[in-house]
Amino acid sequence: LDSIGYRVGYSLAERLSKETLRFKDDIDSVKFICRELWNFIYKKQVDNLRTNHSGVYVLVDNHFRFISSMAEGQQYIKLAPVYLYYSCGLIRGALECFGLKCMVTADITSVPVCKYNEK
1 LDSIGYRVGY SLAERLSKET LRFKDDIDSV KFICRELWNF IYKKQVDNLR
51 TNHSGVYVLV DNHFRFISSM AEGQQYIKLA PVYLYYSCGL IRGALECFGL
101 KCMVTADITS VPVCKYNEK
């Protein structure tokens, strides 16, 4: 799922950014993913973007569509990461399209809140 998401993210980033100028810094690439790519795929923007100013960006989606229909409870939080491999690949592929090699992980503290860490 991660590699499929990677290919889709790379292709969509190329397609959606063909009319824009090259991004100056990493934060511009991440903002593009939060606004344009996420809106194209999930019909909403990322709810929150945070950074620790040392190269780690955290994208927060408070109502992530892939896990929003899951019941709440600790047993489901353990199973939910399987549903996030595709979206981690999407983010990684899009960032690599913009020239950024990174590692993307997803964290779920409560359903349907999802946090993506990009390093």
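In the UniProt record's numbering, the protein residues as written are 1 to 119.
Quick reminder that beta carbons are idealized off the backbone N, C-alpha and C, glycines included.
Being a predicted model, the structure only gives us computed values, none of them experimental.
Inset, instruction - Over the uninterrupted beta strand (DSSP E) stretch that includes Ile108, give me the two end residues. - result: For the purposes of this step, residue 108 is taken as residue 108 along the sequence shown, with counting starting at 1. Counting along the chain, the beta strand (DSSP E) containing Ile108 begins and ends at 104 to 110.
Inset, instruction - For Thr105, I'd like the list of residues in its chain whose CB is within less than 6 Å of its CB, leaving aside the five on either flank, ordered along the chain. - result: For the purposes of this step, residue 105 is taken as residue 105 along the sequence shown, with counting starting at 1. A distance below 6 Å between beta-carbons, with the five flanking residues on each side excluded, links Thr105 to the following residues of its chain, in chain order: Asn117.
Inset, instruction - Assuming Asp47 contacts Asp28 (C-beta within less than 8 Å), just tell me the rounded distance between them. - result: Within the sequence shown, numbered from 1, the residue matching residue 47 stands at position 47. Within the sequence shown, numbered from 1, the residue matching residue 28 stands at position 28. 19 Å between Cβ atoms; not a contact.
Inset, instruction - Closer than 8 Å by C-beta to Tyr10: which residues in its own chain qualify, once you throw out the five before and the five after it? Chain order, please. - result: If you number the sequence shown from 1, residue 10 lands on position 10. So the qualifying residues of the chain are Gly93, Ala94, Glu96, Cys97.
Legend entry - Of the listed residues Asp107, Gly99, Val113, Gly89, nearest to Tyr4 (C-alpha basis): Looking up residue 4 in the sequence shown gives position 4. Looking at the sequence provided, one finds Ile at residue 4 rather than Tyr. Of the candidates Asp107, Gly99, Val113, Gly89, the one whose C-alpha sits nearest the C-alpha of Ile4 is Gly89.
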